[in-house]
Amino acid sequence: MDTLIKGDCLLELKNIKDNSIDLIYLDPPFYTQKKQTLSKKKKDEVKKYEFEDSWDSLDEYLSYIKDRLVECRRVLKKTGNIFLHCDRNACHYLKIVMDEVFGINNFRSEIIWTYKRWSNSKKGLLNSHQNIYFYSKTSNYKFNTLYTNYSLTTNLDQILQNRVKDSDGITVYQTDKDGNIVNNYDKKGVPLSDVWDIPYLNPKAKERNGYPTQKPILLLEQIIKIGSDEGDVILDPFCGSGTTLAAAKLLKRKYIGFDISDDAINLCKERLSGNIVKTDSKLLEEGIEKYNNKTKEEQYIIDLFEGLPVQRNSGMDAIIPSNDSDEVIAIKFQKVDESLEDCISKINNACKIKGIKNKIIIKNKSQRITTLFENDIIDDNKDIIILSSYKELITNLIKKR
């Protein structure tokens, strides 16, 4: 069943039987009114991928999308689901088109995919989310509930105890015939919400293959898991970089992919023929609270001086603005199992790469590793301010600012 075809999806969809597809994911052009281009170096050559996203009018664009949605609805099973990926350029128009084709009663969710993007934004708010409209063909649709971890602030009673409505419609804890609260140790977590915090693929991610609008496998896996089962058929009419097909393969689903570009089809074939590279996410596996490795005291200092926490960098824990608008101060909190010599080496290396001149280290009073000739090491690194306490840090930062 696994199929990859070059061609206009409108024509290729007509070759698919009615009521034969379990889940469809579309990531069509977003009406950006420009050519999407990205390059990736492969061995000794640079491969350029691009597609046109320019339209004579909004009506032309919406008609293009609607024609393909009508065919998508025809091929979906009665228990099938469809997910349309879009962004702020045309999402408000596409929601109306989806209502017309699938019926407003079959609208299930608007999924907000949110992510961090580091950018010097022009005037206005930084764009950090995209929209995914989830519709079913009928009210008898397939849906698998996924669960996420409880928040660290969740009360233990809320986790362990069942809640029910009493005769007055008020939510109370469930009790047995003797009035004892009934505990439930089988709770799986918090049902997945419609806001998904999944990291955007950074330019250096191993999963990156050079396609300009490539989505992370983690995103497509989540979509496929909630709307289909193993052995189901997944269709992507605009398969581009092949992420949907790769996710389907990893999750033991069958797949069908169309794309009008020879380069995209060849890229998909290459990606699907070998071991599929997938970016792991500590954020998804452990939750946002565990992803942040700062202590309460460290985070307090960072917030106090309007600093920016730095994650996944052993050389610095935060950067804080100084009086000179062109300069920042790198802060490193010494770890319990880290010698002062190692600590200095790490912040020096990190700041050299980032071009940061101002450096401060806060020593850890609970340090397990003793450094010989510590005073000599400090004397050899006079460009680093080395402090013994948070109080000293606050005093020095106030002076530098």
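In our numbering, the protein residues as written are 724 to 1124. Idealized CB from N, CA, C, for every residue including glycine.
Host alpha helix (DSSP H) of residue i (start-end)
| i | result |
| --- | --- |
| Asn-1081 | No alpha helix (DSSP H) holds Asn-1081; the beta strand (DSSP E) holding it covers 1081-1085. |
| Arg-976 | Neither: Arg-976 is in no alpha helix (DSSP H) and is coded neither H nor E. |
| Val-956 | Here Val-956 belongs to no alpha helix (DSSP H); instead the beta strand (DSSP E) covers 956-959. |
| Val-895 | Taken as a continuous stretch (DSSP letters only), Val-895 belongs to no alpha helix (DSSP H), being part of the beta strand (DSSP E) at 894-896. |
| Asn-989 | 985-996 |
| Cys-732 | 732-736 |
Environment of residue i [buried if 16+ CB atoms lie within 10 Å]
| i | result |
| --- | --- |
| Phe-866 | exposed |
| Met-724 | exposed |
| Ser-851 | exposed |
| His-808 | buried |
| Thr-936 | buried |
| Ser-862 | exposed |
| Leu-700 | One cannot answer for residue 700 here, as it falls past the ends of the chain, which runs 724 to 1124. |
| Thr-966 | buried |
| Tyr-908 | Per-residue confidence for Tyr-908 stands at a pLDDT of 47, beneath the threshold of 50, marking its modelled position as unreliable; the derived number appears in the next sentence. By the 10 Å Cβ count, Tyr-908 comes out exposed. |
| Asn-738 | exposed |
| Asp-982 | buried |
Selection from the options that minimises the alpha carbon distance to residue i
| i | options | result |
| --- | --- | --- |
| Asp-955 | Phe-774, Leu-942, Lys-975 | Lys-975 |
| Ser-1045 | Ala-1053, Ile-947, Ser-1111 | Ala-1053 |
| Asp-741 | Asn-1087, Glu-1021, Lys-800 | Lys-800 |
| Lys-927 | Gly-847, Ile-744, Val-1000 | Val-1000 |
| Ala-970 | Pro-939, Asp-985, Ser-916 | Pro-939 |
| Ile-1076 | Ile-1083, Lys-1088, Asn-1036, Cys-991 | Asn-1036 |
| Glu-953 | Ser-890, Leu-746, Thr-726 | Leu-746 |
| Asp-750 | Ile-819, Ile-855, Asp-822 | Ile-855 |
| Lys-789 | Asp-822, Asn-1087, Lys-1080 | Asp-822 |
| Lys-839 | Gln-1034, Trp-778, Asn-1072 | Gln-1034 |
| Asp-920 | Ile-835, Val-824, Leu-736 | Ile-835 |
| Ser-777 | Glu-794, Val-793, Gln-759 | Gln-759 |
| Thr-1018 | Val-895, Ser-964, Ile-1084, Asp-1040 | Asp-1040 |
| Gly-963 | Glu-993, Gly-826, Thr-802, Phe-830 | Glu-993 |
| Val-824 | Arg-811, Ser-859, Tyr-754, His-815 | Ser-859 |
Helix, strand or coil at residue i according to DSSP, with G and I counted as helix
| i | result |
| --- | --- |
| Gly-829 | The residue asked about is misnamed: residue 829 is Asn in this sequence, not Gly. Correct three-state label for Asn-829: helix. |
| Arg-667 | Lying before the first or after the last residue shown, residue 667 is absent from the chain, which here runs from 724 to 1124. |
| Tyr-1023 | helix |
| Leu-879 | Residue placement at Leu-879 is flagged as unreliable, the pLDDT there being 46, under the threshold of 50; the coordinate-derived value follows with that caveat. Residue state, collapsed to three classes: helix. |
| Tyr-908 | Interpretation of Tyr-908 is limited by its pLDDT of 47, a score under 50 that renders its predicted location unreliable; the figure taken from the coordinates is listed afterwards. Three-state DSSP puts Tyr-908 in coil, outside helix and strand. |
| Ala-928 | coil |
| Gln-945 | helix |
| Cys-715 | Here the chain comprises residues numbered 724 to 1124, so residue 715 is not present and cannot be evaluated. |
| Glu-775 | strand |
| Ile-1108 | strand |
| Tyr-754 | coil |
| Thr-837 | strand |
| Thr-760 | strand |
Residues bridged to residue i (per DSSP)
| i | result |
| --- | --- |
| Thr-871 | Val-913 |
| Ser-859 | Asn-804 |
| Ala-1073 | Paired residue(s): none; Ala-1073 is not in a bridge. |
| Pro-1044 | Val-1051 |
| Asn-854 | Cys-809, Ile-835 |
N- and C-terminal bounds of the beta strand (DSSP E) containing residue i
| i | result |
| --- | --- |
| Ile-747 | 744-749 |
| Arg-886 | 886-888 |
| Lys-920 | For the record, residue 920 in the displayed sequence is Asp; it is not Lys. Taken as a continuous stretch (DSSP letters only), the beta strand (DSSP E) holding Asp-920 covers 918-920. |
| Lys-729 | 726-729 |
| Leu-781 | From DSSP, Leu-781 is part of no beta strand (DSSP E) but of the alpha helix (DSSP H) over 781-798. |
Neighbour flag for residue i against chain B, beta carbons, 8 Å
| i | result |
| --- | --- |
| Gly-1078 | Protein chains in the displayed structure number just one, and chain B is not present. |
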